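A quick write-up on the structure given underneath.
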Amino acid sequence: MYFKIHMSTIVGFIACITHLTAEVDSSNLSPSQAHEQIQKDIHHQTQQAKDEVQKNLVPEAISIVEDTKRAINFIKSKQNAEALSALERATGKSDILLARHPRSALLPVDFIIRVSDVAPTDLNEINGIEMLIKRAINHKNYPSSRALLNLLRSEIHVTIDCLPLAYYPEVLKEAARLLELNQPSEACLALETALNTLVVLDQIFPIPLIKAIALLNAAEGNLEKERNKENALKLVNKAHFELRRSIELGYLEKNSEEHRSLNEKFADLENKIKSDQKATSVFQSLKDKFRDFLRFFSKPKSAY
């Protein structure tokens, strides 16, 4: 099952995004240690995403879906009276939810979190896959293009299913009406269709952005605690590479004003490190920008 989220709940959910972009302290790390810390940060972000999404589940909405499934099973077992009772329970719960939420609400009932970090680290390999995707699309080979697109994933992906309060209660009432008219097949079809049309929302946390923040934290720590310019520059270069990689993977727009601004900030940061100038404000500006990107991507979006 996929976790479903309703729009009024999303407001509170988005308010928690700041917590989802918090990083484990990765300062004072060498480049090799930074790699280990990045993996911990990815795990940390995944767990935080799971915890925040879990808080937004709506128990009554989950019960409605469960009662819908029970009603379907009862109908298939020719237990129409029991099916009608299940639908009455579900309808009663939906009336409670309608009193609490706007009719346009999408209520969270289930979720799945996947970490997909299969995208190449070599930019030429990414470009090669991109060419194959374009070729497949030009030949209308969409199944192959979809499979190839999955090779360009480097993200924490949260899939959220939502019970649509706008029409789901009406489906329950219609199914009950059909049962009372002794039309169990039609009632069953209506309920199965309702389950298959739960609204799906997606959240994406691009891993290159998480990596960039961790690498910048490590670079800043190297400068402040170890005064190790060589390690700091290596870590900054790795963070800059993750910016380029995020662009090649399609998470950020190439040659945009923001892209140019970030490149300028990285150049400024490298110059400040090399010339022993204080770089705290540049580090902070870069990390804040990457966190802004993470917040933007982590807002639930319709999968359709």
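Numbering-wise (my numbering), the sequence shown opens with residue -4 and increments by one. Built from N, CA and C at the ideal position, the CB exists for glycine as well. In this text, all values refer to a predicted model and were calculated from it rather than measured experimentally.
Residue range of the beta strand (DSSP E) that includes residue i
i: T154; result: 149 to 159
i: P201; result: 194 to 201
i: L102; result: 101 to 112
Boundaries of the alpha helix (DSSP H) in which residue i is found, first to last residue
i: D62; result: 54 to 71
i: P138; result: 137 to 145
i: A131; result: 118 to 133
i: A92; result: Here the sequence assigns Leu to residue 92, which means Ala is not the residue at that position. Note, L92: alpha helix (DSSP H), 75 to 95.
i: E225; result: 224 to 243
i: S180; result: 179 to 191
i: N266; result: 252 to 269
i: K284; result: 275 to 292
i: E175; result: 163 to 175
Short Cβ contact (8 Å threshold) for residue i with residue j
i: L158; j: I91; result: no
i: L238; j: L264; result: no
i: K267; j: A274; result: yes
i: I199; j: H152; result: yes
i: S111; j: E83; result: no
i: A161; j: S99; result: yes
i: L247; j: S256; result: no
Local Cβ density within 10 Å of residue i, reported as buried at 16 or more and exposed below that
i: D156; result: buried
i: E225; result: exposed
i: Q32; result: buried
i: K220; result: exposed
i: K73; result: exposed
i: A300; result: The displayed coordinates of the chain run from -4 to 299. Any statement about residue 300 would go beyond what the structure contains.
i: P295; result: buried
i: E47; result: buried
Cutoff 6 Å; reference residue i; Cβ partners in own chain excluding five residues on either side
i: N232; result: none
i: L52; result: P103
i: F288; result: L204
i: S22; result: Any answer about S22 is weak, because its pLDDT of 47 lies below 50 and its placement is not dependable; what the coordinates show is given next. If we look at S22 and ignore the five residues flanking it on each side, its Cβ neighbours are N212, G216.
i: E77; result: F69
Chain-order list of residues whose beta-carbon lies under 7 Å from that of residue i (same chain, five-residue window excluded)
i: I132; result: S140
i: E169; result: A185
i: L93; result: L160, P164
i: F291; result: none
i: K260; result: V277, S280, L281
i: R109; result: H152
i: A189; result: T63, Y163, V166
i: H235; result: F261
Nearest-angstrom beta carbon gap, residue j and residue i [assumed within contact, 8 Å]
i: L244; j: L230; result: Contact doesn't hold; Cβ gap of about 21 Å is too wide.
i: V89; j: L167; result: The question names Val, but residue 89 in the sequence shown is Ser. With a Cβ gap of about 6 Å, S89 and L167 count as contacting.
i: I107; j: L147; result: Not quite, the Cβ-Cβ distance comes to about 20 Å (not below 8 Å), so this is no contact.
i: A171; j: T86; result: 7 Å
Beta-carbon proximity list for residue i, same chain, < 8 Å, skipping 5 on both sides
i: S270; result: none
i: S297; result: V194, V195, L196, D197
i: N145; result: S111, V113
i: L143; result: I124, L127, I128, A131
i: Q28; result: A213
i: K71; result: C183
i: T116; result: R240
Residue i: CB within 7 Å of a non-hydrogen atom of the ligand SAH
i: R286; result: Although the ligand SAH was asked about, the structure shown includes no ligands whatsoever.
Closer than 8 Å to chain C by CB, residue i
i: Q28; result: Although the question refers to chain C, the structure presented lacks it and comprises just one protein chain.
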